[in-house]
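Down below is the structure, laid out as structure tokens.
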Amino acid sequence: MIVFITGASAGFGAAMARTFVGHGHRVVISGRRADRLQTLAAELGEAAHAVELDVTDKAAIRAALDALPAEWRDIDVLINNAGLALGTAPAHEASLEDWDTMIATNCGGLVAMTRALLPAMVARGSGTVINLGSTAGSYPYPGGNVYGATKAFVEQFTLNLRADLVGTGVRATNLAPGLCGGTEFSNVRFKGNDEAAAKVYEGTTPLTAEDIANTAYWIATLPPHININNIEIMPTCQGFSPFTIKRA
Ligand code: NDP
Ligand code: 8X3
Numbered sequence: 001m002i003v004f005i006t007g008a009s010a011g012f013g014a015a016m017a018r019t020f021v022g023h024g025h026r027v028v029i030s031g032r033r034a035d036r037l038q039t040l041a042a043e044l045g046e047a048a049h050a051v052e053l054d055v056t057d058k059a060a061i062r063a064a065l066d067a068l069p070a071e072w073r074d075i076d077v078l079i080n081n082a083g084l085a086l087g088t089a090p091a092h093e094a095s096l097e098d099w100d101t102m103i104a105t106n107c108g109g110l111v112a113m114t115r116a117l118l119p120a121m122v123a124r125g126s127g128t129v130i131n132l133g134s135t136a137g138s139y140p141y142p143g144g145n146v147y148g149a150t151k152a153f154v155e156q157f158t159l160n161l162r163a164d165l166v167g168t169g170v171r172a173t174n175l176a177p178g179l180c181g182g183t184e185f186s187n188v189r190f191k192g193n194d195e196a197a198a199k200v201y202e203g204t205t206p207l208t209a210e211d212i213a214n215t216a217y218w219i220a221t222l223p224p225h226i227n228i229n230n231i232e233i234m235p236t237c238q239g240f241s242p243f244t245i246k247r248a
């Protein structure tokens with residue numbers, strides 16, 4: 001299989017690249033940080049092809065796909081993993097610019113990549129799209145505002161993809177992890193405040209990037225008649241909270 005992974009320069013995406021290559025598949029690894037991609041490509045050897053790509057740039061997506069060498073063009077699996085949270089401020093104080101960036105990346109980039117790669121999958125009668133949602137798309141929390149909303153979008157877009165793709169042989173899955181450590185997610189969210197980022201995972205045994213990579217691999221390699229619509233994963237130490245009630 002050839003697997004196109006967005007956001008492969010860190011975290012889940014890099015772990016997914018290693019997992020798929022470890023099982024004998026080929027990966028197109030993409031992201032904005034070319035140096036990171038080159039290092040990973042050097043580690044993975046001929047099974048990896050690095051593509052510098054900002055998924056918020058629709059013209060760049062088209063150009064990057066058109067520039068793929070012939071032997072890398074038949075993408076079997078698209079993993080829309082590139083994404084980010086920025087900030088934890090309440091809605092009335094949050095940065096509108098941060099909100100725009102999250103919407104452009106988590107929603108805009110994901111739909112643009114999907115739209116670009118779907119026609120060839122449909123024409124071939126096979127393919128798998130795995131979209132990185134989040135528990136934040138189902139369960140609200142203070143400061144989750146637009147990040148959670150983008151992930152709710154990812155889930156519903158994925159289910160609507162399923163509605164359109166029935167009968168084509170192309171599959172779509174919303175993969176929604178909860179607390180997951182060992183990636184740059186919180187470092188990005190807290191804008192380089194690594195101390196605040198580390199606190200998120202203090203005293204927990206969170207999911208790991210490898211857990212998510214193994215799940216993506218399982219989804220992509222199931223027999224073709226099986227479509228996982230939605231899969232939500234939490235670490236055992238994570239649970240739910242009761243409703244907040246502000247009493248006078
Ligand atoms: P990381 O920050 O470790 O990795 C994010 C990746 O996305 C990086 O490779 C980054 O690469 C890439 N990226 C960000 N913006 C863009 C862009 N505009 N264009 C292309 N690539 C981009 O985070 P995780 O691995 O933890 O997260 C991966 C996905 O999983 C995200 O969608 C996140 O929302 C989701 N998720 C994460 C959870 C967690 O707890 N970690 C839980 C649930 C979901 P570069 O900067 O080089 O472009
Ligand atoms: C990442 C999980 O709970 O930090 O999507 O929003 S959470």
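For the sequence shown, the working numbering begins at 1 and goes up steadily by one.
Cβ atoms here follow ideal geometry from the backbone N, Cα and C, with glycine treated the same way.
Keep in mind it's a predicted model, so treat the numbers as computed, not measured.
Heavy atom of the ligand 8X3 less than 7 Å from the Cβ of residue i, yes or no?
i	result
L179	yes
T135	yes
G144	yes
F12	no
F190	no
Y201	no
F185	yes
Y147	yes
In terms of residue numbering, what span does the beta strand (DSSP E) encompassing residue i cover?
i	result
I212	Here I212 belongs to no beta strand (DSSP E); instead the alpha helix (DSSP H) covers 209-221.
I130	127-132
R249	Past the edges of the chain, shown from 1 to 248, lies residue 249, and the structure says nothing about it.
In the DSSP assignment, find the alpha helix (DSSP H) that holds residue i and state where it starts and stops.
i	result
E155	145-165
G31	First-last for G31: 26-31, but that is the beta strand (DSSP E), not the alpha helix (DSSP H).
E52	No alpha helix (DSSP H) contains E52, which is instead part of the beta strand (DSSP E) from 48-52.
P119	110-124
L233	One detail in the question is off: residue 233 reads as Ile in this sequence, not Leu. Counting along the chain, I233 falls outside any alpha helix (DSSP H), though it belongs to the beta strand (DSSP E) covering 230-233.
I'd like to check one pair, residue j with residue i: are the Cβ atoms closer than 8 Å?
i	j	result
L68	A60	no
T204	P177	no
A116	R62	yes
N174	T150	no
A10	I29	no
L179	Q238	yes
A213	M1	no
A217	T19	The residue you asked about is not Ala; residue 217 is Tyr in the sequence shown. Yes, the pair counts as a contact, with Cβ atoms nearer than the cut-off.
L105	L78	The residue you asked about is not Leu; residue 105 is Thr in the sequence shown. Cβ distance not < 8 Å, so T105 and L78 don't count as in contact.
L37	V21	no
I130	I219	yes
Using a Cβ-based criterion (distance less than 7 Å to any ligand heavy atom), does residue i qualify as near the ligand NDP?
i	result
F153	no
G31	yes
R162	no
A85	yes
V21	no
V111	no
D54	yes
A172	no
S241	no
Expressed to the nearest angstrom, what Euclidean distance is found between the alpha-carbon atoms of residue i and residue j?
i	j	result
A94	G181	24 Å
K246	P140	16 Å
L96	K191	15 Å
E195	T88	15 Å
G31	R73	18 Å
T6	V111	12 Å
H49	E202	36 Å
N80	T114	8 Å
G125	G144	38 Å
A70	A198	43 Å
T221	D66	27 Å
To which residues does DSSP link residue i through a beta bridge?
i	result
V3	V27, V77
P224	In DSSP, P224 forms no bridge with anything.
C180	L207
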